[in-house]
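Asks:
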Amino acid sequence: MTPTSFEALPLAAPLHLVLRELNYNIPSPIQAQAIPLLLEGRDLLGCAQTGTGKTASFALPILQAIHERPKQIRPKCCRTLVLAPTRELAGQVGKSFTTYGKHIRFKQSLIYGGVGQNPQISAMRGGVDVLVATPGRLLDLIEQRAVDLSAVEFFVLDEVDRMLDMGFLRDVKRIVSLIPASRQSLFFSATLAPNIVELAQTILRNPALVSIAPETTTGERIDQQVCFLDRENKRPLLEQLLRGQAEATSGKLTIVFSRTKHGANKLAKSLCEAGFPADAIHGNKSQAQREKALERFKKGLTPVLVATDVAARGVDVKDVGLVVNFDLPNEPE
Ligand code: AMP
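Listed below in structure tokens is the structure:
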């Protein structure tokens, strides 16, 4: 029987408390299925994407283990390693651990590229319970002997399909080779294509499979439109749609996906000139610029965000009422 309330899950009191504070009453399907298996120490192959509540499904059992079995951590070591494909996702997972672990004593740190490495090296000096990292910078710091993976007990690979799309297969395999064989491993992917299952088999031991129907089977509450038009009419139509959004009572925010970084910059600039405050976010922008753009967008200060597919997944922003693919997307999801 899958539990239908959090109360029915054998979670520690500080976790039940935070769930009540967050007003999480009913576990999402992946939480209801995965949490009991993870609390038993099983490996997990999860087919689910962002928005399903999968972060809590792994963060809660890991925090529970840390709470129940506190441990002295060796310098530069981590008990938990979560790998995520992008800085944004790593940041979001880190934030979730902070939120869900509010009443638990634990240390965590984040490692990702595009920012100075010294603060990340210092943060690892005393060891941490939870390290959330992107693969490239993590390997950099391992090579510099600033991070040591020999004490990992919980290993989470998040958004593996995206990680492989981004060319991280070799990095991931190298990281896996540095982690102790006796560990609990969790592997999440939005799809289970053969190459992904093959990779999972090399990492997981007798895993439980939890599969949540992907959101990509067209969200029922989302209206979709395809507009056939000539190139020169694209911008006027976009502006017309944005005027409608600006007048909406809710869902005022708009994300516009552009195929190229250059195209994103150009479009954001011309929208600003047309009176629609817009910002661009893509891989050529520094981490600070990306965070600032996302923050301003979330607050509604720049209600239009033009993005390449770096932002296509896992950006959790409320009040988005319109998503426009200005170009045919590379990534249909
Ligand atoms: P995730 O898929 O982990 O990125 O979570 C998507 C969103 O759902 C986040 O904003 C979470 O705070 C929220 N969330 C996760 N689990 C629950 C739950 N059981 N009840 C209500 N909200 C939830």
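In our numbering, the protein residues as written are 156 to 488. Cβ atoms here follow ideal geometry from the backbone N, Cα and C, with glycine treated the same way.
Quick check on the DSSP output: what are the complete beta strand (DSSP E) runs of length 3 or more inside the region 209 to 268, in order along the chain?
Replies: Qualifying beta strand (DSSP E) stretches, in chain order: 233 to 238, 263 to 266.
Asks: For the alpha helix (DSSP H) that residue 181 lies in, which residues bound it at each end?
Replies: Note, residue 181: premise wrong, no alpha helix (DSSP H); not H, not E.
Asks: Going straight from the alpha carbon of residue 290 to that of residue 170, what length do you get?
Replies: Going from the Cα of residue 290 to the Cα of residue 170 covers about 29 angstroms.
Asks: Please go through the same chain and pick out, in chain order, the residues whose beta-carbon is closer than 6 angstroms to the beta-carbon of residue 472, but skip the five residues on each side of it.
Replies: Cβ neighbours of residue 472 beyond the five flanking positions: 453.
Asks: One question on the structure: do residue 187 and residue 251 come within less than 8 angstroms of each other, judged by their Cβ atoms?
Replies: Not in contact: residue 187 and residue 251 (Cβ atoms no closer than 8 angstroms).
Asks: Which ranges does the alpha helix (DSSP H) cover as unbroken runs of at least 4 residues, wholly within the region 389 to 437, from first to last along the chain?
Replies: For the region 389 to 437, whole alpha helix (DSSP H) runs of length 4 or above, ordered along the chain, are 389 to 402, 416 to 428.
Asks: Thinking just about the alpha-carbon of each residue, which of 451, 430, 429, 428 is nearest to the one in residue 436?
Replies: Among 451, 430, 429, 428, the Cα nearest to that of residue 436 belongs to 451.
Asks: Under 7 angstroms: does the beta carbon of residue 179 sit that close to some heavy atom of ligand 1?
Replies: Answer for residue 179: yes, Cβ within range of ligand 1.
Asks: Less than 7 angstroms between the CB of residue 344 and some heavy atom of ligand 1, yes or no?
Replies: Answer for residue 344: no, Cβ out of range of ligand 1.
Asks: Given this structure, state the Cα-to-Cα distance separating residue 344 from residue 313, to the nearest angstrom.
Replies: In a straight line, the C-alpha of residue 344 is about 7 angstroms away from that of residue 313.
Asks: Quick one: complete alpha helix (DSSP H) runs, 4+ long, within the region 299 to 354?
Replies: Here the runs fully enclosed are 315 to 320, 324 to 332.
Asks: At the level of alpha carbons, what is the spacing between residue 183 and residue 207?
Replies: When rounded, the distance between both Cα atoms is 7 angstroms.
Asks: So, using beta-carbon positions, are residue 334 and residue 283 closer together than 8 angstroms?
Replies: No, they are not a contact pair.
Asks: Would you decide whether residue 458 is buried or exposed? Buried here means 16 or more other CB atoms lie within 10 Å of its CB.
Replies: Classification for residue 458: buried.
Asks: Can you tell me where the alpha helix (DSSP H) with residue 443 in it begins and where it stops?
Replies: It spans 442 to 453 - the alpha helix (DSSP H) in which residue 443 sits, taken as one unbroken run.
Asks: Does the Cβ of residue 453 lie closer than 7 angstroms to at least one heavy atom of ligand 1?
Replies: Residue 453 Cβ: outside cutoff for every heavy atom of ligand 1.
Asks: Determine, using beta carbons only, whether residue 358 and residue 331 come nearer to each other than 8 angstroms.
Replies: Contact: yes.
Asks: Does the contact criterion of 3 or more C-beta pairs under 8 angstroms hold for the region 233 to 243 versus the region 287 to 306?
Replies: Result yes; three or more Cβ-Cβ pairs closer than 8 angstroms.
Asks: So, for residue 219: in the same chain, excluding its five sequence neighbours on each side, which residues have a beta-carbon less than 7 angstroms away from its beta-carbon?
Replies: Excluding positions up to five away in sequence, the list reads 166, 167, 170, 194.
Asks: I need the DSSP call for residue 363, collapsed to helix, strand or coil.
Replies: Correct three-state label for residue 363: strand.
Asks: Am I right that residue 338 and residue 310 are in contact with their C-beta atoms under 8 angstroms? What's the rounded C-beta distance?
Replies: Confirmed, Cβ separation roughly 5 angstroms.
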